[in-house]
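Written below as structure tokens is the structure these notes are about.
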Amino acid sequence: MTPLSSTRLGWVLCAGSAGSVGFWLVLGGPRHLTQSGMRHFIEIGYANVVFGLLFPLVGATILSRVPGHRLGWLYCLCGFASSLALLSYSYGERGLVEQPGTLPGALLAAWLSSWIWICGFSPLLTLGILGFPDGRLPGRRWWPVAALAGTTIGFGAVSLALRPGPLENHPIADNPAALPLPGSWIAWVGEGGWTLALKLAIVSSFAGLVVRYRRGPAVVRDQLRWCVLAVGLLLLAFAIPSTSPVGVVSNILALVALPLVPLSMGVAVLRERLGDVSVRVRRLFVHGWLVAAGLTIYIAVVLVLDTALSERAEPVAALVAAGVVAVLHHPLRGRLQRSTDRMLYGDRGDPYVALTSLGRRLESATSAEQVLPTTAAVVAEALKLPYVAIELPADGADGSSVT
-13 MTPLSSTRLG
-3 WVLCAGSAGS
7 VGFWLVLGGP
17 RHLTQSGMRH
27 FIEIGYANVV
37 FGLLFPLVGA
47 TILSRVPGHR
57 LGWLYCLCGF
67 ASSLALLSYS
77 YGERGLVEQP
87 GTLPGALLAA
97 WLSSWIWICG
107 FSPLLTLGIL
117 GFPDGRLPGR
127 RWWPVAALAG
137 TTIGFGAVSL
147 ALRPGPLENH
157 PIADNPAALP
167 LPGSWIAWVG
177 EGGWTLALKL
187 AIVSSFAGLV
197 VRYRRGPAVV
207 RDQLRWCVLA
217 VGLLLLAFAI
227 PSTSPVGVVS
237 NILALVALPL
247 VPLSMGVAVL
257 RERLGDVSVR
267 VRRLFVHGWL
277 VAAGLTIYIA
287 VVLVLDTALS
297 ERAEPVAALV
307 AAGVVAVLHH
317 PLRGRLQRST
327 DRMLYGDRGD
337 PYVALTSLGR
347 RLESATSAEQ
357 VLPTTAAVVA
367 EALKLPYVAI
377 ELPADGADGS
387 SVT
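Below, the structure written as structure tokens:
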């Protein structure tokens, strides 16, 4: 595949994922997933929405910079699978449960939702972690872990797709693609053997990430730190029970941490490529957070209006929510733009702040010898630069420098 074709296909998958999430919203998807509580909605609905929108965006951006990058393809395909999981579930719910017989292909959509979700999260938690951030394994000895992950994911998807009996997410209907599978095979899936194998693959993949961090150079460690914080915040959020006194705090933390995971991974992968990456990273952060914020506002308004009015008011709720998002889009984008610039580039966009900080530090200098080192330190901190040197020319000499 040519680099141009690779880039185009990545953006096609990105557009398809966005369309699937949009159709899911039209079908009233948030209402289908909030009936079991907010934590269930965050873990299933919001997570799939964020991953279905941001991972394809990150993957397409990576492919546009590095055509054929394995993680770029993985992010695009897994994000597309997450968006299909959302759409197929709500489509099947509407066509089989709420309004039977009104939507064509509802049974096919319900069948798809019973197994496609495995192709969304599982590869990201195994192969995506094992190959992070360059798309290669930490070493030859890690091939068994990759083989275990691929085999387990494929086995689970095929088993759920062909298992006889009621569908996984829509037990009101039987599996239309059921095959007479061996009883031991069905028991392995139904009694947790497959889940245990997947957990082993996930733990082993994270172990590979630890090995890569400990043995890698400083550049690799800097790349890995981008996602370690995001994953740590997410694990902390899900470790706190939703029924605890701080359950609301954990839900808010999860809402913030979930978008950070794909964004931090994208930044970490792109950091190994110099050139104009800083511009793309900036756009990636701004558009990613803008999508997450707009989607959160949209879902919140739809849920509030749908609950306050009635289920028949779904079109009105969706229209009002879209209007609210449109009104808030411009000021929200400006605020996110400034926050992203400050996080990535320091005070470059606000030189007055940098000069004020420099003046305060220089006022506290007790001797003339501290002026240049203090100036270099303030410039490095204000502009987020890894290295700053001030060179002083001297008559008849090469001059001296202070870093």
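Using the numbering used here, the first residue of the sequence shown is number -13, and each one after it goes up by one. Quick reminder that beta carbons are idealized off the backbone N, C-alpha and C, glycines included.
When you compare the CB positions of residue i and residue j, do they come within less than 9 Å of one another, or not?
{"i": "residue 119", "j": "residue 251", "result": "yes"}
{"i": "residue 47", "j": "residue 256", "result": "yes"}
{"i": "residue 138", "j": "residue 184", "result": "yes"}
{"i": "residue 191", "j": "residue 111", "result": "yes"}
{"i": "residue 71", "j": "residue 115", "result": "no"}
{"i": "residue 219", "j": "residue 254", "result": "no"}
{"i": "residue 66", "j": "residue 6", "result": "yes"}
{"i": "residue 205", "j": "residue 199", "result": "no"}
Going along the chain, which residues of its own chain have a beta-carbon closer than 8 Å to the beta-carbon of residue i, five neighbours each way excluded?
{"i": "residue 100", "result": "146, 147, 153, 154, 155, 156 and 161"}
{"i": "residue 224", "result": "29, 236 and 240"}
{"i": "residue 382", "result": "Residue placement at residue 382 is flagged as unreliable, the pLDDT there being 47, under the threshold of 50; the coordinate-derived value follows with that caveat. Cβ neighbours of residue 382 beyond the five flanking positions: none."}
{"i": "residue 260", "result": "In this predicted model, residue 260 has a pLDDT of only 39, less than 50, meaning its place in the structure is not dependable; the value taken from the coordinates is given anyway. Taken in chain order, the list of residues that qualify is empty."}
{"i": "residue 158", "result": "82, 83 and 152"}
Buried or exposed, going by whether 16 or more other CB atoms sit within 10 Å of the CB of residue i?
{"i": "residue 353", "result": "exposed"}
{"i": "residue 80", "result": "buried"}
{"i": "residue 129", "result": "exposed"}
{"i": "residue 88", "result": "exposed"}
{"i": "residue 245", "result": "buried"}
{"i": "residue 104", "result": "buried"}
{"i": "residue 247", "result": "buried"}
{"i": "residue 368", "result": "buried"}
{"i": "residue 209", "result": "buried"}
{"i": "residue 350", "result": "exposed"}
{"i": "residue 227", "result": "exposed"}
{"i": "residue 40", "result": "buried"}
{"i": "residue 377", "result": "exposed"}
{"i": "residue 364", "result": "buried"}
{"i": "residue 11", "result": "buried"}
{"i": "residue 1", "result": "exposed"}
Report the option in the options whose CA atom is closest to the CA atom of residue i.
{"i": "residue 125", "options": "194, 182 and 108", "result": "194"}
{"i": "residue 150", "options": "165, 138 and 364", "result": "165"}
{"i": "residue 348", "options": "361, 339 and 366", "result": "361"}
{"i": "residue -5", "options": "25, 17, 15 and 45", "result": "45"}
{"i": "residue 74", "options": "31, 374 and 186", "result": "31"}
{"i": "residue 181", "options": "213, 140, 201 and 211", "result": "140"}
{"i": "residue 63", "options": "123, 78, -3 and 96", "result": "-3"}
{"i": "residue 78", "options": "366, 13, 219 and 253", "result": "13"}
{"i": "residue 234", "options": "25, 1 and 10", "result": "25"}
{"i": "residue 127", "options": "1, 238 and 197", "result": "197"}
{"i": "residue 249", "options": "213, 201, 11 and 238", "result": "213"}
Between which residues of its own chain and residue i is the CB-CB distance below 6 Å, once the five residues before and five after are set aside?
{"i": "residue 68", "result": "34, 37, 38 and 106"}
{"i": "residue 263", "result": "Reliability of the predicted coordinates at residue 263 is poor, the pLDDT of 46 falling under 50, and the value obtained from them is presented with this limitation in mind. For residue 263, where only same-chain residues beyond five positions count, the Cβ hits under 6 Å are 256."}
{"i": "residue -8", "result": "49, 53 and 54"}
{"i": "residue 187", "result": "112, 134, 135 and 138"}
{"i": "residue -10", "result": "none"}
Can you confirm whether residue i, when its beta carbon is compared against all beta carbons of chain C, has any partner nearer than 9 Å?
{"i": "residue 150", "result": "Annotation note: the requested chain C is absent from the structure, which comprises a single protein chain."}
Assuming residue i and residue j are in contact, meaning their beta carbons sit under 8 Å apart, how far apart are those beta carbons, in whole angstroms?
{"i": "residue -1", "j": "residue 60", "result": "Not really, about 11 Å apart at Cβ, beyond 8 Å."}
{"i": "residue 215", "j": "residue 117", "result": "Not really, about 20 Å apart at Cβ, beyond 8 Å."}
{"i": "residue 42", "j": "residue 3", "result": "4 Å"}
{"i": "residue 163", "j": "residue 97", "result": "6 Å"}
{"i": "residue 123", "j": "residue 132", "result": "6 Å"}
{"i": "residue 366", "j": "residue 374", "result": "4 Å"}
I'd like the list of long-range same chain contacts for residue i, defined as Cβ closer than 7 Å, with 5 residues on each side in sequence excluded.
{"i": "residue 189", "result": "none"}
{"i": "residue 121", "result": "55, 56 and 57"}
{"i": "residue 343", "result": "364 and 368"}
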